[in-house]
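Whatever position you read off the sequence shown (first residue = 1), add 5 for this note's numbering. First comes the structure, then the notes that go with it.
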Amino acid sequence: MPDFNTKDKVKNVGFISTRIAGTDGVSLELEKWANIFEELGLTCFYFAGELDRPQERSYLVEEAHFTHPDIKEVYNKSFGIMTRDRAVSKKIYQLAIKLKDHLYDFVKKFDIDFLIPENALTIPLNIPLGIALTEFIAETNIRTLAHHHDFYWERDRFMVNAVSDYLNMAFPPVLPSVEHVVINSVADEQLSLRTGVSAHIIPNVMDFDNPPPPPDDYTSDVRQALDIEDDEL
């Protein structure tokens with residue numbers, strides 16, 4: 006794993022995900038990592054289909070989001086079935102080529118020398134993005150730390166599929182310039198059994214020095230809905 010305390014020649018870090026916005030778990034963990042890197046003197050940039058980071062450090066690509074109509078169509082025609090139509094394969098690669106072109110532009114624009122895909126090489130909600138990332142890393146040999154929060158084999162909805170070739174290729178890829186981070190030892194064991202690679206274990210943690218954001222419209226009535234008193238938890 007890179008020694009970021011000495012910067013290890015790393016200056017600009019590129020985070021890549023389907024969405025880097027709001028209070029979902031991946032975005033929250035990403036922000037903690039980014040804060041640490043910034044404290045070490047590195048500069049962080051962001052590539053996703055939805056972003057709430059500073060505009061001058063962001064690279065927005067609509068097709069990177071898992072809710073994009075084309076990406077949803079690919080997803081719906083890839084899971085819950087056993088055979089993939091030729092047209093789906095064609096669409097996947099058309100989207101992957103477009104996304105890979107954007108990855109090249111992102112890295113060039115911000116002079117990125119280190120990538121951190123956040124769950125983008127873990128959960129196949131956006132298959133073209135995973136393929137694009139895998140091919141980009143293979144073509145450039147850019148140093149990469151793939152941060153995995155939950156693998157596809159941990160969820161029943163991905164078990165029946167017509168894209169096992171893509172899953173084996175990109176979720177996650179096994180490449181010489183890629184190191185892997187998982188959040189617990191069980192994930193590490195399964196990754197080793199399934200791919201033959203080991204991972205660093207970095208659990209998700211609470212930042213007690215910084216309070217959580219105030220309740221929004223979605224969470225404002227959670228205590229009432231779950232019958233939790235104000236003095237509990």
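Glycine included, every Cβ here is placed at the ideal spot set by N, Cα and C.
Residue environment: Arg-58 is assigned as buried (16 or more neighbouring CB atoms within 10 Å of its CB, all protein chains considered). By the beta-carbon neighbour count (other beta carbons within 10 angstroms, threshold 16), Ser-32 is buried. Taking each of His-154, Trp-158, Phe-176 in turn and checking the Cα distance to Asn-189, the smallest one comes out for His-154. The segment 144-154 and the segment 108-127 touch, with no fewer than 3 CB-CB distances between them shorter than 8 Å.
Within the segment 44-132, the complete beta strand (DSSP E) segments of 3 residues or longer fall at 48-53, 63-65, 119-122, listed in chain order. Per the Cβ contact rule, the segment 122-134 is not in contact with the segment 85-94 (fewer than 3 Cβ pairs under 8 Å). Taking 8 Å as the cut-off, the Cβ atoms of Thr-23 and Leu-130 count as close. Closest by C-alpha distance to Ile-121, out of Asp-236, Asp-193, His-185, is His-185. Scanning Gly-27, Asn-17, Val-18 for the CA closest to the CA of Pro-220 turns up Gly-27. Minimum Cα-Cα distance from Ile-25 among the listed residues Gln-60, Ile-233, Ala-167 corresponds to Gln-60.
Boundaries around Val-227 are those of the alpha helix (DSSP H), 227-230, since no beta strand (DSSP E) includes it. Across the structure, Ile-86 and Asn-166 are spaced so that their CA atoms are roughly 5 Å apart.
Around the beta carbon of Ser-203, a 10 Å sphere encloses fewer than 16 other beta carbons of the protein chains shown; the residue is thus reported as exposed. The beta carbons of Ile-21 and Phe-52 sit closer together than 8 Å. For the pair Glu-78 and Leu-104, the CB atoms are not nearer than the 8 Å cut-off. No Cβ-Cβ contact shorter than 8 Å links Asn-17 with Asp-161.
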